[in-house]
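For the sequence shown, my numbering assigns the number 1113 to the initial residue and increments by one for each residue that follows.
Yeah, the Cβ is synthetic: ideal placement off N, Cα and C, and Gly gets one too.
Predicted, not measured: the structure shown is a model, and the values here were computed from it.
Written out below as structure tokens is the structure these notes cover.
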Amino acid sequence: MFKKLSAVVCSCITVLLLLLSLMGGSVYAATASLDEMTSTAISCIMSHEGSYGSVNRNDCGACSIGKLQWHAGRALNLLKSICNNAPALSQSILGYTFYNEILTATNWDYRTFSVSEGNAVSTLLTTDAGVAAQDALAFSDVQGYIVSGQNKGLTDAGALVLYADIYNFGCGIASRIATRAAGYAGSYAAVTLDHMYRAALNDSYGSNSAFVQRTNMVYQTLLNTSFGGDTTTVPPTTDTTEDTTQDTTTVVIPSDFSDSYAGSYLVTASALNLRSDPSTSSSVITVIPNNATVTVTMGNGAWAAVTYEGKNGYCSMDYLTLVPDTTTVPEETTTTTTETTTTTTETTVETTETTTTEETTTTTEATTTETTTTETTTVTTETSATAETTATTVTAESNVPSGITATLYGDVDGDGEVTAIDAVLLQKYINGMVFLSHEQMVNADCVADDVLDEADVAVILQHLIGRYTALPIC
1113 MFKKLSAVVC SCITVLLLLL SLMGGSVYAA TASLDEMTST AISCIMSHEG
1163 SYGSVNRNDC GACSIGKLQW HAGRALNLLK SICNNAPALS QSILGYTFYN
1213 EILTATNWDY RTFSVSEGNA VSTLLTTDAG VAAQDALAFS DVQGYIVSGQ
1263 NKGLTDAGAL VLYADIYNFG CGIASRIATR AAGYAGSYAA VTLDHMYRAA
1313 LNDSYGSNSA FVQRTNMVYQ TLLNTSFGGD TTTVPPTTDT TEDTTQDTTT
1363 VVIPSDFSDS YAGSYLVTAS ALNLRSDPST SSSVITVIPN NATVTVTMGN
1413 GAWAAVTYEG KNGYCSMDYL TLVPDTTTVP EETTTTTTET TTTTTETTVE
1463 TTETTTTEET TTTTEATTTE TTTTETTTVT TETSATAETT ATTVTAESNV
1513 PSGITATLYG DVDGDGEVTA IDAVLLQKYI NGMVFLSHEQ MVNADCVADD
1563 VLDEADVAVI LQHLIGRYTA LPIC
């Protein structure tokens, strides 16, 4: 009897162990520690970034170094750390002049390497001091990427690792893709690895072959580990009318689409179809009502890539009207200047200016007024939409954080390039519509005056048309 009872108990234990082993992968994916996710993400990023001694002497106008290819100012900070921790070794490898430049430099936004400098940096990076500094910085950076995803509400380990890899490609891209994935899943907490992967391939950046190749590689790597979780139980997208064939295919942005059409648009049709492809023969994802506001990321004048209430697709641009920029200069402006200290103000009026009071009418041309006492003056002038206005009495305190080096001036959204979208995002920040991270604020300071205002927006736009070839301007 005892032997039979023992056999039954052993059988039950065996069955329980088998069940636990089958559940192990998905349980691990949900409960992996922050350090484990960080280590896995670092391995994924290194697989397509570089090794300890990797040096790109000219990566889009500045150097990139190390196993995570730290760029420009980040490269400088890494080398400073190594030089400070191993000064004698660093000076012997880099040479006195290069070593001292690294210790004293504050901006490497446009610093590229000569062949000899690149070789010296590569040698330093592969020393024990160089490896230790890279390991510490990589762990700090990538763990920050994952925490950023957790702060959004992501909980699945596989989704967080893929999010971290995309974040290394561009923080703005990662945020946009996570939002799209949450739209598929119903919430950030419900996002799985498959949701993140699908959102990445359906993002506008899916037209970038390097990004697609990188995302595919990381996804397959995670599927082959416990971070892949249970890929057979992905909840359906909340859009029940969406063409389900898009779940496993890449949305290919047409080659003639441009982000110059990006912005907020108003729907003028009584009801506008959001379609799966830029064609009237494609399936309808949802119907957008009249006067609804949608976000356009790209377009070609006929069709636009549109985001509406978490859904993404295409709409005809015949029924979309661009929401006017709130910073448009009005035809007539009234400026009131109050001076409470002894100042000298020169005002030159190029066209005839008329000031009217109840007693007299005075017409002046090219008048210069010198004020040495306290006075309040109201001037009404006719200006065109392209007039330039200089306010000499307005002072603004610095609103750009110090101690942070810009990664790419003008790149406000952090996607690694300067486009019209960056100017739109900065204007929204100035208008109080959005918030920017410290890194985004530093990148946005294109006038290098520690103040974010319309001047920075103007410089970005002028940079895009070729007036300024390098940012910032001083």
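Original post:
By Cβ distance, which residues of its chain are closer than 8 Å to G1387, with the 5 residues on each side in sequence left out?
Top reply: In the sequence under discussion, the amino acid at residue 1387 is Arg, which differs from the Gly named in the question. Excluding residues within five positions, the ones whose Cβ falls inside 8 Å are S1394, S1395, V1396, I1397, G1425, Y1426 and C1427.
Original post:
If you check the beta carbons only, do V1408 and Y1431 fall under 8 Å apart?
Top reply: no
Subject >> Where I1177 sits in the DSSP three-state scheme >> reply: strand
Original post:
Should I1533 be labelled buried (16 or more other beta-carbon atoms within 10 Å of its own) or exposed?
Top reply: buried
Subject >> Supposed close pair M1308, S1159 - CB separation, criterion 8 Å >> reply: Not a contact, Cβ separation roughly 18 Å.
Original post:
Which class does T1405 belong to by DSSP, given the choice of helix, strand or coil?
Top reply: strand
**OP:** Have a look at L1313, A1302, Y1208 and Q1332 and flag the residue whose alpha-carbon is nearest the alpha-carbon of K1264.
**Re:** A1302
**OP:** Compute the beta-carbon to beta-carbon distance between M1149 and L1237, rounded to the nearest angstrom, for a pair I have assumed lies under 8 Å.
**Re:** So it is not a contact: roughly 25 Å between Cβ atoms.
Original post:
Just reading off the beta strand (DSSP E) that V1167 is part of, what are its end residues?
Top reply: V1167 to D1171
**OP:** State the Cα-Cα distance for the pair L1107 and G1528, rounded to the nearest angstrom.
**Re:** In this structure the chain extends from 1113 to 1586, so residue 1107 is not present and cannot be described.
Subject >> Alpha-carbon to alpha-carbon, S1514 and E1566 >> reply: 20 Å
**OP:** Mind checking which residues open and close the alpha helix (DSSP H) that includes C1593?
**Re:** Past the edges of the chain, shown from 1113 to 1586, lies residue 1593, and the structure says nothing about it.
**OP:** Give me whichever residues DSSP pairs with V1418 in a beta bridge.
**Re:** V1408 and G1425
Subject >> Assigned secondary structure, R1223 (DSSP; H/G/I helix, E/B strand, else coil) >> reply: coil
Original post:
Is it right to say D1147 is buried, meaning 16 or more other beta carbons lie within 10 angstroms of its own, or is it exposed?
Top reply: exposed
Original post:
Starting from R1579 and walking both ways along the beta strand (DSSP E), at which residues does that stretch end?
Top reply: Taken as a continuous stretch (DSSP letters only), R1579 belongs to no beta strand (DSSP E), as it is neither H nor E.
Original post:
When the Cα atoms are used, what is the spatial distance from Q1203 to C1195?
Top reply: 8 Å
Original post:
Count the other CB atoms within 10 Å of the CB of C1172; is the residue buried (16 or more) or exposed (fewer)?
Top reply: exposed
Subject >> Cα-Cα separation between T1209 and A1217, rounded to whole angstroms >> reply: 12 Å
Original post:
What residues in its chain sit with their C-beta under 6 Å from that of E1509, if we drop five residues either side in the sequence?
Top reply: Note that E1509 has pLDDT 49, beneath the 50 cutoff, so the model's placement of it is unreliable and the number below is only indicative. Taken in chain order, the list of residues that qualify is empty.
**OP:** Determine the burial state of T1439: buried for a count of at least 16 other Cβ atoms within 10 Å of its Cβ, exposed for fewer.
**Re:** Here T1439 scores only 43 on pLDDT, less than 50, and its place in the model should not be relied on; the value that follows carries that caveat. Exposed, by the Cβ-count rule.
Original post:
DSSP three-state call for T1433: helix, strand or coil?
Top reply: strand
**OP:** Measure the alpha-carbon distance for T1433 versus S1372 and round it to whole angstroms.
**Re:** 14 Å
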